[in-house]
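Number of protein chains: 2
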Amino acid sequence: MPRQLHLNAFLMNTGHHEASWRLPESDPYAHVSLEHYVDLARVAERGTFDSLFLADGPQLWSNLAQRPAGALEPLTLLTALATATEHIGLIATASTSYNSPYNLARRFASLDIVSGGRAGWNIVTTAGAEAARNFGLDAEPAHAERYARAAEFLDVALKLWDSWEDDAIVGDKAAGVWGDDAKIHPARHQGTYFSVGGALNVPRSPQGYPLLVQAGSSEDGKHFAARYAEAVFTAQQTIEDARAFYADLKARTAAAGRDPGHLKVLPGIVPVIGSTEAEARALEQTLEDHIVYTHGVERLESLLQLPSGTLELDALLPGELPPEDAIEGAKSRYTLVVELARRERLTVRQLIGRLGGGRGHLTLAGTPEQVADAIETWFTQGAADGFNIMPPVLPSGLDAFVDHVVPILRERGLLRSEYGPRTTLRERYGLPRPANQHVSPELTAV
Amino acid sequence: MPRQLHLNAFLMNTGHHEASWRLPESDPYAHVSLEHYVDLARVAERGTFDSLFLADGPQLWSNLAQRPAGALEPLTLLTALATATEHIGLIATASTSYNSPYNLARRFASLDIVSGGRAGWNIVTTAGAEAARNFGLDAEPAHAERYARAAEFLDVALKLWDSWEDDAIVGDKAAGVWGDDAKIHPARHQGTYFSVGGALNVPRSPQGYPLLVQAGSSEDGKHFAARYAEAVFTAQQTIEDARAFYADLKARTAAAGRDPGHLKVLPGIVPVIGSTEAEARALEQTLEDHIVYTHGVERLESLLQLPSGTLELDALLPGELPPEDAIEGAKSRYTLVVELARRERLTVRQLIGRLGGGRGHLTLAGTPEQVADAIETWFTQGAADGFNIMPPVLPSGLDAFVDHVVPILRERGLLRSEYGPRTTLRERYGLPRPANQHVSPELTAV
Ligand SMILES: Cc1cc2nc3c(=O)[nH]c(=O)nc-3n(C[C@H](O)[C@H](O)[C@H](O)COP(=O)(O)O)c2cc1C
Ligand SMILES: Cc1cc2nc3c(=O)[nH]c(=O)nc-3n(C[C@H](O)[C@H](O)[C@H](O)COP(=O)(O)O)c2cc1C
Numbered sequence: 272m273p274r275q276l277h278l279n280a281f282l283m284n285t286g287h288h289e290a291s292w293r294l295p296e297s298d299p300y301a302h303v304s305l306e307h308y309v310d311l312a313r314v315a316e317r318g319t320f321d322s323l324f325l326a327d328g329p330q331l332w333s334n335l336a337q338r339p340a341g342a343l344e345p346l347t348l349l350t351a352l353a354t355a356t357e358h359i360g361l362i363a364t365a366s367t368s369y370n371s372p373y374n375l376a377r378r379f380a381s382l383d384i385v386s387g388g389r390a391g392w393n394i395v396t397t398a399g400a401e402a403a404r405n406f407g408l409d410a411e412p413a414h415a416e417r418y419a420r421a422a423e424f425l426d427v428a429l430k431l432w433d434s435w436e437d438d439a440i441v442g443d444k445a446a447g448v449w450g451d452d453a454k455i456h457p458a459r460h461q462g463t464y465f466s467v468g469g470a471l472n473v474p475r476s477p478q479g480y481p482l483l484v485q486a487g488s489s490e491d492g493k494h495f496a497a498r499y500a501e502a503v504f505t506a507q508q509t510i511e512d513a514r515a516f517y518a519d520l521k522a523r524t525a526a527a528g529r530d531p532g533h534l535k536v537l538p539g540i541v542p543v544i545g546s547t548e549a550e551a552r553a554l555e556q557t558l559e560d561h562i563v564y565t566h567g568v569e570r571l572e573s574l575l576q577l578p579s580g581t582l583e584l585d586a587l588l589p590g591e592l593p594p595e596d597a598i599e600g601a602k603s604r605y606t607l608v609v610e611l612a613r614r615e616r617l618t619v620r621q622l623i624g625r626l627g628g629g630r631g632h633l634t635l636a637g638t639p640e641q642v643a644d645a646i647e648t649w650f651t652q653g654a655a656d657g658f659n660i661m662p663p664v665l666p667s668g669l670d671a672f673v674d675h676v677v678p679i680l681r682e683r684g685l686l687r688s689e690y691g692p693r694t695t696l697r698e699r700y701g702l703p704r705p706a707n708q709h710v711s712p713e714l715t716a717v
Numbered sequence: 272m273p274r275q276l277h278l279n280a281f282l283m284n285t286g287h288h289e290a291s292w293r294l295p296e297s298d299p300y301a302h303v304s305l306e307h308y309v310d311l312a313r314v315a316e317r318g319t320f321d322s323l324f325l326a327d328g329p330q331l332w333s334n335l336a337q338r339p340a341g342a343l344e345p346l347t348l349l350t351a352l353a354t355a356t357e358h359i360g361l362i363a364t365a366s367t368s369y370n371s372p373y374n375l376a377r378r379f380a381s382l383d384i385v386s387g388g389r390a391g392w393n394i395v396t397t398a399g400a401e402a403a404r405n406f407g408l409d410a411e412p413a414h415a416e417r418y419a420r421a422a423e424f425l426d427v428a429l430k431l432w433d434s435w436e437d438d439a440i441v442g443d444k445a446a447g448v449w450g451d452d453a454k455i456h457p458a459r460h461q462g463t464y465f466s467v468g469g470a471l472n473v474p475r476s477p478q479g480y481p482l483l484v485q486a487g488s489s490e491d492g493k494h495f496a497a498r499y500a501e502a503v504f505t506a507q508q509t510i511e512d513a514r515a516f517y518a519d520l521k522a523r524t525a526a527a528g529r530d531p532g533h534l535k536v537l538p539g540i541v542p543v544i545g546s547t548e549a550e551a552r553a554l555e556q557t558l559e560d561h562i563v564y565t566h567g568v569e570r571l572e573s574l575l576q577l578p579s580g581t582l583e584l585d586a587l588l589p590g591e592l593p594p595e596d597a598i599e600g601a602k603s604r605y606t607l608v609v610e611l612a613r614r615e616r617l618t619v620r621q622l623i624g625r626l627g628g629g630r631g632h633l634t635l636a637g638t639p640e641q642v643a644d645a646i647e648t649w650f651t652q653g654a655a656d657g658f659n660i661m662p663p664v665l666p667s668g669l670d671a672f673v674d675h676v677v678p679i680l681r682e683r684g685l686l687r688s689e690y691g692p693r694t695t696l697r698e699r700y701g702l703p704r705p706a707n708q709h710v711s712p713e714l715t716a717v
């Protein structure tokens with residue numbers, strides 16, 4: 272069997288295109304509709320995806336006029352989806368900056384148990400002052416500090432997830448002995464950001480712990496990923512950049528003493544699918560026509576940390592922009608956007624059109640064959656272990672992908688045709704179940 | 272129609288009796304089995320209960336040898352149960368001492384949306400040093416401080432739940448206006464324990480906010496309940512004590528400027544049901560026979576804050592015990608246990624037997640008629656608005672209650688025979704949907 276592609280469905284409201292909610296078919300309440308997400312999860316499962324994924328941030332984004340804002344809390348929504356699906360992995364975003372390790376480790380272990388080992392955690396450090404101000408801070412913690420806290424957070428969470436050995440429950444009714452206290456290992460963690468004394472109050476879960484996913488592309492982000500991540504989401508505009516990123520991350524993973532095969536790289540793609548190329552372009556155009564450009568300007572100014580009113584719609588970006596070093600928010604996204612605009616000499620209007628679909632992710636507009644070809648090329652030429660599929664419109668874009676691209680990928684032997692027996696998310700991604708650090712310290716993945 | 276009884280099913284592992292896990296029928300993994308809880312939830316729904324409830328604390332209790340420890344995180348489990356049920360309310364315990372208001376308010380709003388308005392929150396301040404040490408503290412915060420933080424936590428949560436007006440989503444596709452920013456009200460809270468700037472990142476939920484439940488019986492606890500709670504769980508051993516508690520809490524609620532009918536008092540009862548009284552006593556005896564008394568002594572010493580080794584199994588409690596004032600943990604439970612032992616001149620062994628079933632809640636052992644009679648008496652004589660049903664063994668004890676006691680209560684016109692149309696948890700308890708403080712400040716419940 273040839274190497275298998277991994278597919279993740281990135282679900283978001285009415286779709287990844289910022290104007291998708293304005294299409295006639297779209298439900299303005301989709302973002303809080305369980306039914307909407309149940310339908311999407313089932314379509315993804317029909318397409319034998321490895322997993323589905325929900326982004327998140329603990330703040331109300333932007334202003335409400337522009338587009339759907341707010342969302343169901345991801346772990347809550349994924350728990351409901353766990354009961355509506357059987358095989359697909361369930362990856363929730365949660366912030367290391369604005370959670371405590373004890374509560375979050377417990378919640379992921381609980382989802383992992385309830386879903387039969389299908390939980391994943393997209394670990395984010397959360398950029399932005401709005402989030403900080405919801406948690407008692409005046410301003411966003413510095414980028415490096417956020418990643419330092421994230422690393423300690425993971426160390427604590429791993430201690431907690433390993434605090435019960437797998438066979439700690441004895442259940443000896445005759446002797447009146449329910450569990451073996453020798454198999455419980457309190458965290459006893461005293462660090463810079465956290466002090467956590469006890470063992471977790473839930474047994475070790477089917478996967479040991481959730482699949483660890485990460486999406487930071489800055490230096491700090493890649494360093495973190497190499498150490499902890501099992502799957503990495505990334506936004507890449509060209510195959511050259513994607514190959515360089517891929518090679519870099521695999522090398523860093525090896526350098527961190529891990530098997531580079533145990534970290535899967537998944538670039539995001541926005542598939543805009545038509546039965547002809549012209550049809551795909553027309554759909555793209557329809558979406559662009561629905562963009563409200565004044566909103567786009569505001570958001571771009573915010574990303575580039577420029578004063579409001581700096582950008583002109585039909586001009587290029589200003590020649591002088593701050594270096595990535597000066598950005599405390601999403602560093603790598605900043606660089607990607609600036610490079611895209613410079614490389615293709617895009618006006619602000621054109622740049623907003625390009626970002627409207629995928630906020631920096633690659634748009635692939637074309638026929639199912641063209642999309643499948645691009646996927647195969649990236650996959651076989653060292654740019655990806657799989658993809659984060661970000662349909663511009665939901666549910667129609669996911670339907671189109673599953674009905675028209677998936678069969679081609681299956682025909683080419685790149686994607687499973689059925690799930691087979693139930694298994695864990697980590698097994699779907701071809702990863703081993705992690706050993707418990709208290710049982711086989713030498714085998715511990717991290 | 273006569274006044275209607277409210278019933279809440281307090282679900283816990285293999286049952287409330289500490290020895291229930293040792294019975295042949297019990298599953299030692301019940302506490303982490305979704306199927307076990309789905310079955311229980313469906314039985315409770317068959318019995319047209321108003322709600323079900325999960326207790327919780329963010330620490331691993333006691334030692335593992337004694338009895339099942341750890342549990343699925345309640346909001347996670349209740350989300351899964353929301354998809355398996357249609358009518359029953361879902362009350363999760365969460366701590367104000369070890370959560371941040373932004374995250375917790377979001378999670379309850381999300382459960383409320385996903386369940387169609389069936390979420391409830393049992394607000395606890397969490398006694399004990401073990402929990403404190405999982406969240407960066409060396410010791411448990413003082414009782415009064417925990418309640419002061421709880422009050423501010425509620426004020427912030429209420430601001431967040433009201434931060435979206437009900438009609439903030441406009442969905443005007445033609446104009447490209449999704450929401451009305453004038454209907455968003457950032458929390459802008461700066462207090463002693465919390466500072467929270469923004470609006471919640473989820474729209475106002477079907478109930479406005481979850482049903483607010485509380486279970487503190489100390490002075491601070493009752494003060495808090497009078498101000499915020501819509502339902503109160505309580506442990507009462509005699510109808511006289513229960514009536515005094517009921518009258519006191521209703522008076523306090525009126526004094527706080529609220530309608531005392533908008534706070535429902537639900538004492539806990541442990542129904543031990545047999546087709547004859549002798550059969551019920553025999554079941555009680557079987558359970559007592561499975562108690563491991565050395566464990567009971569350890570737990571009693573811990574509750575009474577006595578050095579290990581102080582208590583003797585066949586002696587009375589020591590004559591000198593600290594006053595409730597000196598207790599920083601669960602004050603009211605302490606007093607209840609000491610008074611029970613003194614009133615009935617129980618030896619330590621007898622006291623442990625009595626506490627084994629309900630940890631201080633009233634055990635009603637008898638025929639279905641006897642249990643129904645006691646329920647009716649308490650309900651009609653000013654001691655209760657309903658009950659927190661705590662079966663000693665699960666699922667059998669809940670089955671017995673639903674199959675044998677519920678029909679009698681229905682016959683007597685005290686309990687609905689069917690749910691009727693889907694409705695919110697708050698409506699089940701006969702409570703109004705709270706007004707949004709930003710729309711009708713004069714109508715706000717709290
Ligand atoms: C596909 C993808 C999904 C992401 N989802 C989230 C998210 O849900 N929440 C969040 O705060 N950041 C999210 N990020 C941002 C990353 O976590 C990270 O902050 C960003 O890529 C910038 O990386 P850096 O901080 O290392 O520069 C996402 C990034 C990518 C590529
Ligand atoms: C039926 C019932 C359920 C309770 N559940 C919890 C719980 O899940 N977690 C918790 O920390 N405390 C729980 N408590 C304890 C109360 O929140 C409270 O701490 C206790 O009754 C002592 O009250 P006081 O602190 O006001 O004296 C419960 C109490 C009762 C009566």
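Here the protein sequences line up with chains Z and X, keeping their order.
The first sequence finishes on residue 717 if you use our numbering, and the numbering steps up by one all the way, no holes.
The second sequence finishes on residue 717 if you use our numbering, and the numbering steps up by one all the way, no holes.
Virtual Cβ for every residue (Gly too), placed ideally from N, Cα, C.
A quick note: this is a predicted structure, and the numbers were derived from the prediction, not measured.
Let me make sure I understand the geometry here. Which of the options has the alpha-carbon closest to that of residue i?
i         : options                                       : result
ASP560(Z) : ALA280(Z), PHE281(Z), HIS277(Z) and SER291(Z) : SER291(Z)
VAL441(Z) : VAL541(X), GLY580(X), LYS430(X) and ARG293(X) : ARG293(X)
HIS566(X) : SER386(X), LEU335(X), ILE544(X) and TYR690(X) : LEU335(X)
LEU574(X) : TYR605(X), PRO589(X) and SER546(X)            : TYR605(X)
THR396(Z) : THR651(Z), ALA380(Z), ALA415(Z) and VAL427(Z) : ALA415(Z)
LEU718(X) : SER711(X), ASP310(X), VAL609(X) and SER381(X) : The shown model of chain X, from 272 to 717, leaves out residue 718(X), and the question about it has no answer.
THR581(Z) : VAL619(Z), THR557(Z), GLN556(Z) and GLU555(Z) : VAL619(Z)
Just to make sure I have the definition right: I need the residues of chain Z whose C-beta is within less than 9 Å of the C-beta of residue i. Which are they?
i         : result
ASN370(X) : SER371 and ASN374
LYS444(X) : TRP292, ARG293, LEU294, PRO295, SER297, PRO299 and HIS561
THR557(X) : The contacting residues do not exist; THR557(X) stays about 13 Å from chain Z at best.
Which bits of chain Z does residue i rub up against, with CB to CB less than 8 Å?
i         : result
PHE406(X) : SER371, TYR373 and VAL467
GLU401(X) : GLY468 and GLY469
PRO474(X) : VAL303 and GLY341
ILE455(X) : LEU331 and LEU335
Less than 8 Å between C-beta atoms, sequence neighbours within five positions excluded: which residues of the same chain meet that for residue i?
i         : result
PRO273(X) : GLY684 and LEU685
ALA422(Z) : PHE495, ARG498 and TYR499
ARG523(Z) : LYS493, HIS494, ALA496 and ALA497
GLN461(X) : none
PRO477(Z) : ASP383, ILE384, GLY387, GLY388 and THR695
With a CB to CB cut of under 6 Å and the five nearest residues on each side skipped, what residues in its chain are close to residue i?
i         : result
PHE424(Z) : THR367 and PRO372
ALA380(Z) : VAL473 and SER476
ILE362(Z) : SER322, PHE324, GLY391, ASN393 and VAL484
So residue i packs on residue j, CB below 8 Å; how close in whole Å?
i         : j         : result
ALA400(Z) : ALA410(Z) : 5 Å
LEU635(X) : VAL543(X) : 7 Å
ARG625(Z) : LEU587(Z) : No, ARG625(Z) and LEU587(Z) are not in contact; Cβ-Cβ is about 14 Å, not under 8 Å.
ARG420(Z) : TYR369(Z) : That belief does not hold up - the Cβ atoms of ARG420(Z) and TYR369(Z) are roughly 10 Å apart, past 8 Å.
Below 7 Å on C-beta distance, what does residue i contact in chain X?
i         : result
ILE723(Z) : Past the boundaries of the shown model lies residue 723(Z); chain Z is included only from 272 to 717, so the question cannot be answered.
ILE440(Z) : PRO299 and TYR300
Ignore the nearest five residues each way along the sequence and tell me which others in residue i's own chain have a CB closer than 7 Å to its CB.
i         : result
LEU714(Z) : Any answer about LEU714(Z) is weak, because its pLDDT of 49 lies below 50 and its placement is not dependable; what the coordinates show is given next. Correct list, in chain order: ALA706.
Going along chain X, which residues have a C-beta under 8 Å from residue i?
i         : result
VAL448(Z) : ALA336
SER381(Z) : LEU343, GLU344, THR347 and LEU348
Can you give, in chain order, each stretch of the beta strand (DSSP E) that sits fully within the stretch 306 to 368 of chain X and has at least 3 residues? 322 to 325 and 360 to 366
Contiguous beta strand (DSSP E) assignments of at least 3 residues, all confined to the stretch 647 to 676 of chain Z: 657 to 660
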